[in-house]
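Q: In this note's numbering, the protein residues as written are 2 to 337.
(1) Within the same chain, show all residues whose beta-carbon is closer than 8 Å to that of residue 135, passing over the 5 residues directly before and after it, in chain order.
(2) Is the number of C-beta pairs between the segment 311 to 319 and the segment 212 to 224 that are closer than 8 Å three or more?
(3) Given this structure, state the Cα-to-Cα distance separating residue 117 from residue 70, to the nearest angstrom.
(4) For the segment 33 to 52 against the segment 5 to 21, are there 3 or more C-beta pairs whose distance is under 8 Å?
(5) Report the residue ranges of all alpha helix (DSSP H) runs contained in full by the segment 194 to 240; include only those spanning at least 4 residues, in chain order.
(6) Roughly how many angstroms separate the alpha carbons of residue 60 and residue 28, rounded to a whole number?
(7) Taking the alpha-carbon positions, what's the residue 336 to residue 126 distance?
(8) Rank 120, 274 and 106 by C-alpha distance to the C-alpha of residue 146 and give the top, closest one.
(9) How far does the alpha helix (DSSP H) with residue 19 in it extend, from its first residue to its last?
(10) What do you get for residue 327, buried or exposed, if any count of 16 or more other CB atoms within 10 angstroms of its CB means buried?
(11) Quick one: Cα of residue 282 to Cα of residue 262, how far?
(12) Please state the DSSP three-state secondary structure of residue 82.
(13) Give the straight-line distance between the Cα atoms of residue 80 and residue 48, rounded to the nearest whole angstrom.
(14) Hey, could you find the ends of the beta strand (DSSP E) residue 107 is sitting in?
(15) In chain order, what are the residue ranges of uninterrupted alpha helix (DSSP H) at least 4 long that sit wholly in the segment 22 to 104?
(16) Give the range of the alpha helix (DSSP H) segment to which residue 162 is assigned.
(17) Which residue marks the beginning of the alpha helix (DSSP H) containing residue 314, and which one marks its end?
(18) Alpha carbon to alpha carbon, what distance is there between residue 277 and residue 269?
(19) Check this for me: beta carbons of residue 233 and residue 198, under 8 Å apart or not?
(20) Is it buried or exposed, residue 155, if we count other Cβ atoms within 10 angstroms and call 16 or more buried?
(21) Indicate the three-state DSSP secondary structure (helix, strand or coil) for residue 129 in the structure shown.
(22) Quick one: residues in its chain with C-beta nearer than 6 Å to the C-beta of residue 265, no 5 flanking neighbours on either side, listed in chain order?
(23) According to DSSP, is residue 269 helix, strand or coil?
(24) Nearest to residue 149 by CA position, among 73, 83, 243 and 95, is which residue?
(25) Please look up how many angstroms separate the CB atoms of residue 182 and residue 91, rounded, as I've assumed it's under 8 Å.
(26) Contact defined as beta carbons within less than 8 Å: I believe residue 258 pairs with residue 187. What is the distance between those atoms, to the nearest angstrom?
(27) Less than 8 Å between the CB atoms is what I'm expecting for residue 96 and residue 54, so what's the real figure, rounded?
(28) From the DSSP output, read off the bridge partner residues of residue 281.
(29) Less than 8 Å separating the beta-carbons of residue 241 and residue 260?
(30) Is residue 183 helix, strand or coil by DSSP?
(31) Excluding sequence positions up to five away, which residues of its chain have a Cβ less than 7 Å from the Cβ of residue 170?
(32) Label residue 204 either buried or exposed according to how many other C-beta atoms from any shown protein chain fall within 10 Å of its C-beta, with 16 as the threshold for buried.
(33) When burial is assigned at 16 or more other CB atoms within 10 Å of the CB, is residue 323 buried or exposed?
Shown next as structure tokens:
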């Protein structure tokens with residue numbers, strides 16, 4: 002069965018941005034919390050990525066790294082801010098390259114998902130798109146009991162977040178040597194929180210319409226490109242169907258196709274003007290970033306291919322029927 006898989010498009014070379022990958026199997030981001038209390042990657046992280054990159058020739062996407070401590074962190078979560086953090090990531094990236102693979106650094110912020118205890122301990126503030134944007138009742142109770150009730154991000158805060166992503170992206174590419182940076186706009190993280198009306202009740206230019214709720218993500222993309230980071234080195238992860246970490250997903254009052262298609266259309270318009278992103282990373286509807294995903298293949302997501310004409314990375318229960326790989330082979334053969 003696996004020999005049949007080897008004959009599919011999955012194991013043919015492909016150009017992503019300016020990088021030529023030997024195959025199309027990507028190691029997608031998976032948070033491991035193997036960092037120091039100061040959010041510096043450890044030797045365990047180095048070993049972890051070294052093993053996954055060994056004799057690979059493909060692309061490794063790192064776990065999320067925070068770009069601004071002010072906007073939330075989690076115990077032993079990595080960051081990409083200080084010299085010690087950046088240098089530790091450089092060791093990992095160098096090792097991935099040494100093993101013949103390539104790397105995309107996933108950049109994120111937590112916003113309303115930040116650990117309330119850590120916020121309290123560091124004397125910080127729990128931020129969200131709006132002040133009532135708690136992911137669930139337990140999170141709201143914990144925050145209020147600790148005296149760190151959520152505050153809505155101001156326009157200045159939003160500008161600060163965008164600039165922090167730019168700074169970390171530059172460090173990732175120019176100092177640590179990453180091949181790509183990936184803006185994490187899925188799984189309930191910071192950018193994702195702005196996309197759904199259920200988590201974004203703002204009444205300014207970042208809330209209300211689909212255009213406004215998508216503005217922050219698109220502005221960040223433009224900021225990176227306008228400040229010297231080629232579009233060909235930028236990826237984005239989106240999870241429009243996911244209900245992970247308090248999102249509404251398919252149950253949102255605005256269907257995922259509506260918001261997702263607007264974002265992809267805007268990115269495709271930029272591509273037509275010479276700024277095509279390296280890739281879009283998309284989590285399929287049947288996967289929800291947890292081990293209990295249902296391998297249901299009924300939902301049609303061809304709309305993504307119809308809008309976005311660049312490289313798409315898809316993830317979601319593709320290996321559920323190992324070693325037969327029935328659906329994986331089908332998808333690989335249908336899409337070059």
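Cβ atoms here follow ideal geometry from the backbone N, Cα and C, with glycine treated the same way. Remember, it's a predicted structure, so these values are computed and weren't measured experimentally.
A: So, from the listed chains and residues:
(1) 113, 129, 141, 144, 151 and 247.
(2) By the criterion of at least three beta-carbon pairs nearer than 8 Å, the segment 311 to 319 is not in contact with the segment 212 to 224.
(3) Distance between the alpha carbons of residue 117 and residue 70: 13 Å.
(4) No, the segment 33 to 52 is not in contact with the segment 5 to 21.
(5) Counting whole runs of 4 or more residues, the segment 194 to 240 contains the alpha helix (DSSP H) stretches 211 to 227.
(6) The straight-line gap from Cα to Cα measures roughly 6 Å.
(7) Across the structure, residue 336 and residue 126 are spaced so that their CA atoms are roughly 45 Å apart.
(8) Nearest neighbour of residue 146 by Cα position, chosen from 120, 274 and 106, turns out to be 120.
(9) Per DSSP, residue 19 belongs to no alpha helix (DSSP H) and is neither H nor E.
(10) Result: exposed.
(11) So the two alpha carbons sit approximately 14 Å from each other.
(12) In the three-state DSSP reduction, residue 82 falls in the coil class, being neither helix nor strand.
(13) Going from the Cα of residue 80 to the Cα of residue 48 covers about 18 Å.
(14) Looking at the DSSP string, the run of the beta strand (DSSP E) that includes residue 107 is 103 to 109.
(15) List check, alpha helix (DSSP H) in window: 44 to 54 and 84 to 99.
(16) Here the alpha helix (DSSP H) through residue 162 covers 156 to 171.
(17) Premise fails: residue 314 lies in the beta strand (DSSP E), 313 to 316, not in any alpha helix (DSSP H).
(18) Cα to Cα, residue 269 sits roughly 7 Å from residue 277.
(19) The answer is no: Cβ separation not under 8 Å.
(20) Under this definition residue 155 is an exposed residue.
(21) It is a strand residue.
(22) The beta carbon of residue 265 sits closer than 6 Å to the beta carbons of 308 and 309 from its chain, once the five residues preceding and following it are set aside; these are given in chain order.
(23) For residue 269, the three-state secondary structure derived from DSSP is helix.
(24) Closest in alpha carbon position to residue 149, among 73, 83, 243 and 95, is 73.
(25) Actually they are not in contact, since the Cβ atoms of residue 182 and residue 91 sit about 14 Å apart, beyond 8 Å.
(26) 15 Å between Cβ atoms; not a contact.
(27) Confirmed, Cβ separation roughly 7 Å.
(28) The beta-bridge partner set that DSSP reports for residue 281 consists of 237 and 313.
(29) Residue 260 is positioned such that its CB atom lies closer than 8 Å to that of residue 241.
(30) In this structure, residue 183 counts as strand in the three-state DSSP scheme.
(31) Counting only residues of its own chain and dropping the five nearest sequence neighbours on each side, residue 170 has a CB closer than 7 Å to the CB of 108, 182, 225 and 230.
(32) The C-beta of residue 204 has fewer than 16 other C-beta atoms within 10 Å across all chains shown, which makes the residue exposed.
(33) Residue 323 is exposed by the Cβ-count criterion.
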